[in-house]
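Chemist: Mind having a look at this structure? Questions to follow.
Right, here's the structure in full:
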């Protein structure tokens, strides 16, 4: 309809030829009069045809604030709603099928033309200018005052943190035009968390968190309460292999360690960088990203042909050609043999990304992004403090069969394990009653794993390893007992095997003790009737211990048994778990070694800062004096010879320099 430039005279009884004409005329009328008409109420008949349509002024209605209790989450902005009375109703009766304007209240309580609009109207008389168009144009060219020097202000903030606390780690790179292209930082708290829980680290990148379109790389760890903790973050200008290598090098320089297991989304650039920088790290690929690769990229394009395409696609041996070379990074046959804390995907990072994006927009500044990450770190710390307080001040309230069946084991676990892991272990104790355990004399009995059309990842209690593989893992000579575990529930037909090596060493075909670091339900069932199987707190990795128990020497703790005959058979000797039956995690020995390195870095950073201040303030003589006193006092305490005069003089000369 070519009517926007024609004068429109709306009145009650005005007849429209179609509902499309109603929308066109209303929009044109609003532009001519100098206000915006918005659609409001819409009613339809049972057959779907429109019965009624209401229109109103953009300034109509009353503002209804939606305030939250937390005043810091308030958005104190103004509203243009001022109860303008202008409204119009258009109806099409069933018995009189003509679209007619039945109501028109042509009253406004506001100015129809703003000054800016008047000037534009005079300069462009043939153009209809809408208020919302004008506002959008202004916003497009409006620059926030805090955008200028945004990167510089963030760098200054991080460097100021590092100057006040040398334990901060900040690294950045600029291009030839002094523009920020890479930034990596870790706070002292994050470095501590990395050192504690670097046995499993997750990494993923997210976009649209800042106005410069710089991808945000996040590193997450899983603490002893199974909570996700942000341990490092980086901003880069691209997602090339070189950028990934730079980020990973920064993590090594900051922590002097590399992850034992590193979970990613199988990005080729990241995979290449990990192989070069994290040489001893086991890579795990997110199975969700692998499984969703085809639906994400093709389902919306192929529509009804997608299912037939999938059938033909797998006939081309895609699995063998593309995924098979990296099978150790995603196949359960391999990942179940390492400690992953039960993680198979990067969903923890995806969830963290979602939390961050709730408070950020695609046009957020870098300072806004850093503030959002800091706020999240504070929330994580507050949650831990609250959880510790709640644990100390209240009863857990968990009723468990384990307290009756395994009282001694439950007591030891309650002393060492965090509440979440303790709850998981008590659940395993309760579940053990659903199983029947039969001792096997023939170690070759293994029906194998039945082939199905589904995915083993979708089956919670599926067998992950063959019996012969478990025996080969621990050594046939070391096998004391082999048990066949059958589920009594009719809906579960899985058969498991438990290989007992000694009272505190075992392997189960569910591989929970390796991949998750917890004693499984099948072994609890075996303990009830076995004359060998027992429990020692060493069987649970120290990363699941409470903070005050992590560095405790647990070797001398007593071994617990559920079967009295097993107690009598135990000689009372100090037992050490078979290395093949315990997961590879951050042990107390490794933790102390890493902490020693971290302390060295902290002391060296403080010494360097003190030396700089002493020279700048011309007080280096005072610093050299108390350094000599400290060295002499420590040598006297340790009863170590001071060495030759020549070496001491050289040291003093270096200090003076």
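Numbering (full-length UniProt numbering), first residue to last: 1 to 657. Beta carbons: idealized from backbone N, C-alpha and C, even for Gly. Quick caveat: nothing in here was measured; it's all calculated off a predicted structure.
May I ask you to report which of helix, strand or coil DSSP gives residue 383?
Modeler: Start at 1 with the first residue of the chain shown, and residue 383 comes out as number 383. Reduced to three states, the DSSP call for residue 383 is helix.
Chemist: State the beta-bridge partners of residue 39 as determined by DSSP.
Modeler: What you label residue 39 is simply residue 39 of the chain shown in a count that begins at 1. Residue 39 pairs with 55.
Chemist: Quick check for students: name the residue ranges of the alpha helix (DSSP H) that lie wholly in the segment 237-294, counting only runs of 4 or more.
Modeler: If we require 4 residues or more, the alpha helix (DSSP H) runs fully inside the segment 237-294 come out as 241-255, 268-277, 287-291.
Chemist: Three or more C-beta pairs under 8 Å: does that hold for the segment 219-236 against the segment 176-189?
Modeler: With a cut-off of 8 Å, the segment 176-189 and the segment 219-236 count as touching, because enough Cβ pairs lie within range.
Chemist: So for residue 84, helix, strand or coil by DSSP?
Modeler: The residue given as residue 84 occupies position 84 in the chain shown. In this structure, residue 84 counts as coil in the three-state DSSP scheme.
Chemist: Suppose the cutoff is 7 Å on Cβ atoms and the five residues either side in sequence are ignored; what does the same chain contact list for residue 453 look like?
Modeler: The residue labelled residue 453 in the question sits at position 453 within the chain shown. In this prediction, residue 453 scores a pLDDT of 49, lower than 50, which makes its location untrustworthy; no coordinate-derived value is stated.
Chemist: If I'm right that residue 278 touches residue 262 with Cβ under 8 Å, what's the distance once you round it to whole angstroms?
Modeler: For the purposes of this step, residue 278 is taken as the residue at position 278 of the chain shown. For the purposes of this step, residue 262 is taken as the residue at position 262 of the chain shown. 6 Å between Cβ atoms; contact.
Chemist: Report the rounded CA-to-CA distance for residue 166 versus residue 568, giving the unit in angstroms.
Modeler: Within the chain shown, the letter at position 166 stands for residue 166. Within the chain shown, the letter at position 568 stands for residue 568. Each residue's alpha carbon lies about 56 Å from the other.
Chemist: Pair every Cβ in the segment 415-431 with every Cβ in the segment 518-538, then say whether three or more of these pairs are closer than 8 Å.
Modeler: Short answer: they touch.
Chemist: Buried or exposed: which applies to residue 626, given that a residue is buried once 16 or more other Cβ atoms fall within 10 Å of its Cβ?
Modeler: For the purposes of this step, residue 626 is taken as residue 626 along the chain shown, with counting starting at 1. Classification for residue 626: exposed.
Chemist: Quick check: the segment 220-229 against the segment 411-424, are there 3 or more CB pairs under 8 Å?
Modeler: As far as the Cβ criterion goes, the segment 220-229 touches the segment 411-424, which means the pair count is three or higher.
Chemist: What does DSSP give as the partner residue(s) for residue 429 in the beta ladder?
Modeler: Position 429 of the chain shown, counting from 1, holds the residue named residue 429. In the DSSP output, where bridge partners are listed per residue, residue 429 has none listed.
Chemist: To the nearest angstrom, report how far apart residue 433 and residue 484 are at their CA atoms.
Modeler: For the purposes of this step, residue 433 is identified with residue 433 of the chain shown, where counting begins at 1. For the purposes of this step, residue 484 is identified with residue 484 of the chain shown, where counting begins at 1. Taking the straight line from one Cα to the other gives about 15 Å.
Chemist: If you reduce the DSSP assignment to three classes, tell me which class residue 16 lands in.
Modeler: Mapped onto the chain shown, residue 16 falls at position 16. In the structure shown, residue 16 sits in a strand (DSSP, three-state: E or B).
Chemist: Considering only the beta carbon of each residue, do residue 406 and residue 562 sit closer than 8 Å?
Modeler: What you label residue 406 is simply residue 406 of the chain shown in a count that begins at 1. What you label residue 562 is simply residue 562 of the chain shown in a count that begins at 1. Yes.
Chemist: Go to residue 205, then tell me how far its beta strand (DSSP E) extends in each direction, as first and last residue.
Modeler: Taking the first residue of the chain shown as position 1, residue 205 is located at position 205. Here the beta strand (DSSP E) through residue 205 covers 200-206.
Chemist: For residue 186, which residues does DSSP report across the bridge?
Modeler: Residue numbering aside, residue 186 sits at position 186 when the chain shown is read from its first letter. Partner(s): 169.
Chemist: What is the rounded straight-line gap between the Cα of residue 274 and the Cα of residue 442?
Modeler: As a first step, residue 274 must be located in the chain shown, where it is residue number 274. As a first step, residue 442 must be located in the chain shown, where it is residue number 442. The straight-line gap from Cα to Cα measures roughly 44 Å.
Chemist: Apply the 10 Å Cβ neighbour rule to residue 511 and answer buried if 16 or more other Cβ atoms are within range, or exposed otherwise.
Modeler: Walking along the chain shown from the start, residue 511 turns up at place 511. The residue in question, residue 511, is buried, as its Cβ has 16 or more Cβ neighbours within 10 Å.
Chemist: List, from N- to C-terminal side, the beta strand (DSSP E) runs of 3 residues or more that fit wholly inside the segment 500-549.
Modeler: Those beta strand (DSSP E) runs which fall completely within the segment 500-549 and span 3+ residues are 505-508.
Chemist: Report all residues from its chain with a CB closer than 6 Å to the CB of residue 394; omit the five preceding and five following residues, and keep chain order.
Modeler: Reading the chain shown from its first residue, position 394 is the one you call residue 394. At residue 394, the pLDDT of 49 sits below 50, so the modelled position is not reliable and the matter cannot be decided from this model.
Chemist: When we look at the beta-carbon of residue 199 and count the other beta-carbons within 10 Å, is it buried (16 or more) or exposed?
Modeler: Locating residue 199 in the chain shown gives position 199, counting from the first residue. Counting Cβ neighbours within 10 Å, residue 199 comes out buried, since at least 16 surround it.
Chemist: I'd like to know whether the C-beta atoms of residue 81 and residue 15 end up nearer to each other than 8 Å.
Modeler: Numbered from its first residue, the chain shown carries residue 81 at position 81. Numbered from its first residue, the chain shown carries residue 15 at position 15. Not closer than 8 Å, so no.
Chemist: What do you get for residue 282, buried or exposed, if any count of 16 or more other CB atoms within 10 angstroms of its CB means buried?
Modeler: Locating residue 282 in the chain shown gives position 282, where the first residue counts as 1. Counting Cβ neighbours within 10 Å, residue 282 comes out buried, since at least 16 surround it.
Chemist: Over the uninterrupted alpha helix (DSSP H) stretch that includes residue 469, give me the two end residues.
Modeler: The residue given as residue 469 occupies position 469 in the chain shown. Residues 467-474.
Chemist: How close, in whole Å, do the beta carbons of residue 269 and residue 249 come, if the pair is a contact with beta carbons under 8 Å?
Modeler: For the purposes of this step, residue 269 is taken as the residue at position 269 of the chain shown. For the purposes of this step, residue 249 is taken as the residue at position 249 of the chain shown. Contact doesn't hold; Cβ gap of about 15 Å is too wide.
Chemist: If I follow the unbroken alpha helix (DSSP H) through residue 157, where does it start and stop?
Modeler: Residue mapping note: residue 157 aligns to position 157 of the chain shown, counting from 1. That run of the alpha helix (DSSP H) goes 150-164.
Chemist: Who are the near neighbours of residue 438 in its chain, counting only those whose CB is closer than 6 Å to its CB and skipping five residues on each side?
Modeler: Here residue 438 corresponds to residue number 438 of the chain shown, with the count starting at 1. Excluding positions up to five away in sequence, the list reads 484.
Chemist: Among the residues of its own chain, which have a CB less than 7 Å from the CB of residue 474, if the five just before and after it don't count?
Modeler: Here residue 474 corresponds to residue number 474 of the chain shown, with the count starting at 1. Cβ within range, chain order: 499, 501, 507, 578, 580, 581.
Chemist: What residue does the beta strand (DSSP E) around residue 104 start on, and which one ends it?
Modeler: Within the chain shown, numbered from 1, the residue matching residue 104 stands at position 104. Taken as a continuous stretch (DSSP letters only), the beta strand (DSSP E) holding residue 104 covers 99-105.
Chemist: Find the nearest neighbour of residue 255 within the set 371, 192, 620, 304, judged by alpha-carbon distance.
Modeler: The residue given as residue 255 occupies position 255 in the chain shown. Looking at the Cα atoms, 192 is the closest of the given residues.
Chemist: On a Cα-Cα basis, can you pick out the residue from 83, 287, 51 that is closest to residue 62?
Modeler: Within the chain shown, the letter at position 62 stands for residue 62. It is 83 whose Cα lies nearest to the Cα of residue 62.
Chemist: For residue 346, which residues from the same chain have a beta carbon less than 8 Å from its beta carbon, with the 5 sequence-adjacent residues on both sides left out?
Modeler: Residue numbering aside, residue 346 sits at position 346 when the chain shown is read from its first letter. Contacts found: 202, 203, 204, 263, 264, 265, 286, 288, 289.
Chemist: How many whole angstroms separate the CB atoms of residue 43 and residue 51, which I take to be in contact at a CB cut-off of 8 Å?
Modeler: As a working mapping, residue 43 is identified with position 43 in the chain shown. As a working mapping, residue 51 is identified with position 51 in the chain shown. Between residue 51 and residue 43 the Cβ distance is about 4 Å, and since that is below 8 Å, they are a contact.
Chemist: CA-CA distance, residue 267 and residue 495?
Modeler: Translated into positions along the chain shown, residue 267 becomes position 267. Translated into positions along the chain shown, residue 495 becomes position 495. About 36 Å.
Chemist: Between the alpha carbons of residue 194 and residue 547, how many angstroms are there, rounded?
Modeler: Locating residue 194 in the chain shown gives position 194, counting from the first residue. Locating residue 547 in the chain shown gives position 547, counting from the first residue. Going by the C-alpha atoms only, they are around 15 Å apart.
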